[in-house]
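Peer 1:
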Amino acid sequence: MYVRPAAAAAAAFLGFTLTLLGGTASYAAAGPGSSTDPRAGLGGPVVYAHRGASAYAPENTLDAIDLAMRLGFAWVENDVQRTKDGVLVVIHDDTLARTTDVEQVFPGRSPWKVKDFTADEIARLDAGSWFAEEYRGARVPTLRQYMDRVQRNQQRLLLEIKKPELYPGIEEQTLELLDEAGWLDERHVAQKLVVQSFSADCVRIVHRLRPDLVTAFLGTPALADLPRYAEFTDRINPWHTTISADWVAAVHGLVGAHGKAMEVDTWIVDDAAIARKVRDMGVDGIITNAPDVVRAAVTGF
Ligand code: G3P
Ligand code: CA
Numbered sequence: 000m001y002v003r004p005a006a007a008a009a010a011a012f013l014g015f016t017l018t019l020l021g022g023t024a025s026y027a028a029a030g031p032g033s034s035t036d037p038r039a040g041l042g043g044p045v046v047y048a049h050r051g052a053s054a055y056a057p058e059n060t061l062d063a064i065d066l067a068m069r070l071g072f073a074w075v076e077n078d079v080q081r082t083k084d085g086v087l088v089v090i091h092d093d094t095l096a097r098t099t100d101v102e103q104v105f106p107g108r109s110p111w112k113v114k115d116f117t118a119d120e121i122a123r124l125d126a127g128s129w130f131a132e133e134y135r136g137a138r139v140p141t142l143r144q145y146m147d148r149v150q151r152n153q154q155r156l157l158l159e160i161k162k163p164e165l166y167p168g169i170e171e172q173t174l175e176l177l178d179e180a181g182w183l184d185e186r187h188v189a190q191k192l193v194v195q196s197f198s199a200d201c202v203r204i205v206h207r208l209r210p211d212l213v214t215a216f217l218g219t220p221a222l223a224d225l226p227r228y229a230e231f232t233d234r235i236n237p238w239h240t241t242i243s244a245d246w247v248a249a250v251h252g253l254v255g256a257h258g259k260a261m262e263v264d265t266w267i268v269d270d271a272a273i274a275r276k277v278r279d280m281g282v283d284g285i286i287t288n289a290p291d292v293v294r295a296a297v298t299g300f
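For the sequence shown, numbering that gives the first Met the number 0 begins at 0 and goes up steadily by one.
1. If Val254 sits next to Val282, beta carbons under 8 Å apart, how far is it from one beta carbon to the other, in whole angstroms?
2. Considering only DSSP beta bridges, list what Ile314 is partnered with.
3. Give the residues whose C-beta lies closer than 5 Å to at least one heavy atom of ligand 1, in chain order.
4. Tell me the DSSP bridge mates of Trp238?
5. Helix, strand or coil, according to DSSP, for Lys276 in the structure here?
6. Can you say whether Leu70 is buried or exposed, counting buried as having 16 or more other CB atoms within 10 angstroms of its CB?
7. Answer yes if the stretch 162-182 comes into contact with the stretch 226-245, meaning at least three C-beta pairs across the two stretches below 8 Å, and no otherwise.
8. When burial is assigned at 16 or more other CB atoms within 10 Å of the CB, is Ala73 buried or exposed?
9. Taking the Cβ atom as the reference point for each residue, do Lys161 and Gln103 lie within a distance shorter than 8 Å?
10. Using the Cβ count rule (16 or more neighbours within 10 Å means buried), how would you classify Glu58?
11. Take the Cβ of Ala63 as the centre, count every other Cβ of all protein chains shown within 10 Å, and call the residue buried at 16 or more, exposed below.
12. Can you tell which of Thr241, Asp264 and Val149 has its C-alpha closest to the C-alpha of Phe216?
13. Report yes if the CB atom of Ile273 is closer than 8 Å to the CB atom of Asn288, and no otherwise.
14. Is the beta carbon of Pro140 closer than 8 Å to that of Leu192?
15. Rounded C-beta distance between Ile285 and Pro44? I'm assuming under 8 Å.
16. For Phe130, does the count of other Cβ atoms within 10 angstroms reach 16, so buried, or fall short, so exposed?
17. Going straight from the alpha carbon of Asp233 to that of Val149, what length do you get?
18. What are the residues that DSSP puts in a beta bridge with Lys112?
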């Protein structure tokens, strides 16, 4: 099993740093809009920890969002898919092979698709040791486990419905789970939750089912098409290599589904110079595996 030495070293260094800092999360005790709320405080784009603080902990695990919290990041991003027996789980790829030990545990089950395994089977898998030995035993969280941890951490969630074409009805099921977990009340909807997808149909369905929810479309629509997106979404979230200051300004010039200027969160920016470049283009948020690097680049802190 391959363990990335650089990742392990980075995680060890961060653990040391956090120990020195007392492991506190500066924003965690703060309410929305306080001076430590990243949307209100230091200026610059909002920083989203992509799949958690995934440069330093295994992506989409509870460890990755806990680490984002300890580093002081309120917003985390994840990916939601569905098991064979209908349980929503948090994982990026549509196979389990890259980020778990599924090939060892279930050698005869190639190609190891998420949708071909039950939740109990997935719960047996190690989702941490591929990244670094110290994370051995980390699990693929169910979405319910994940929501409870985000809540406990007082974090906010950019939830991606991944490959919805593989999972008919996943939009409604995700909203039902969010409701059960207490995430569709007025406060969460207003301040703590954005639902996004690469599928415009998926975002449209979410908007139809819960018109109060903030949504985002992942991609870079042509300028001429933007008004159609503004009918059902509030944010356009493009890959950073595909945008310009003019494009960002054009998005800002449109009124989104909730009557406010549309906003742009770009991904995946792990480099300080690129972070400053997209900040200068006027983006509203930066989605990154290394949120500490981006925060230092765009705010100086
Ligand atoms: O949030 C943006 C980003 O997650 C989109 O790409 O493949 O990492 O889900 P991906
Ligand atoms: Ca994602």
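Glycine included, each C-beta is placed from N, C-alpha and C at the ideal position.
Note that the structure is predicted; figures quoted are calculated from it, not measured.
Peer 2: Taking the structure as given:
1. Taking the sequence shown and counting its residues from 1, one reaches residue 254 at position 255. Taking the sequence shown and counting its residues from 1, one reaches residue 282 at position 283. The Cβ separation is near 18 Å, so there is no contact.
2. A query on residue 314 cannot be resolved here, the shown segment of the chain reaching from 0 to 300 and no further.
3. Glu76, Trp266 and Ile286
4. Here residue 238 refers to the residue found at position 239 when the sequence shown is read from its first residue. When DSSP reads this structure, Trp238 sits in a beta bridge with Trp266.
5. Taking the first residue of the sequence shown as 1, we reach residue 276 at position 277. It is helical.
6. Stepping through the sequence shown from its first residue, residue 70 is reached at position 71. Buried.
7. no
8. Locating residue 73 in the sequence shown gives position 74, where the first residue counts as 1. Counting Cβ neighbours within 10 Å, Ala73 comes out buried, since at least 16 surround it.
9. As a first step, residue 161 is located in the sequence shown; it is residue number 162 there, counting from the start. As a first step, residue 103 is located in the sequence shown; it is residue number 104 there, counting from the start. No, Cβ-Cβ distance for Lys161 and Gln103 is not below 8 Å.
10. Counting from 1 along the sequence shown, the entry for residue 58 is found at position 59. Classification of Glu58: buried, given that the 10 Å Cβ count is 16 or more.
11. Mapped onto the sequence shown, residue 63 falls at position 64. Ala63 should be labelled buried.
12. In the sequence shown, residue 216 corresponds to position 217, counting from 1. Of Thr241, Asp264 and Val149, the residue nearest in Cα terms is Asp264.
13. Mapped onto the sequence shown, residue 273 falls at position 274. Mapped onto the sequence shown, residue 288 falls at position 289. The answer is no: Cβ separation not under 8 Å.
14. Here residue 192 is taken as the residue at index 193 of the sequence shown, counted from 1. Here residue 140 is taken as the residue at index 141 of the sequence shown, counted from 1. No. Outside cutoff.
15. Counting from 1 along the sequence shown, the entry for residue 285 is found at position 286. Counting from 1 along the sequence shown, the entry for residue 44 is found at position 45. The pair is a contact, with the Cβ atoms about 5 Å apart (cut-off 8 Å).
16. For the purposes of this step, residue 130 is identified with residue 131 of the sequence shown, where counting begins at 1. Answer is buried; the Cβ neighbour count reaches 16.
17. Against the sequence shown, residue 233 aligns to sequence position 234. Against the sequence shown, residue 149 aligns to sequence position 150. The straight-line gap from Cα to Cα measures roughly 23 Å.
18. As a first step, residue 112 is located in the sequence shown; it is residue number 113 there, counting from the start. DSSP, once it has assigned bridges, lists Thr94 as partnering Lys112.
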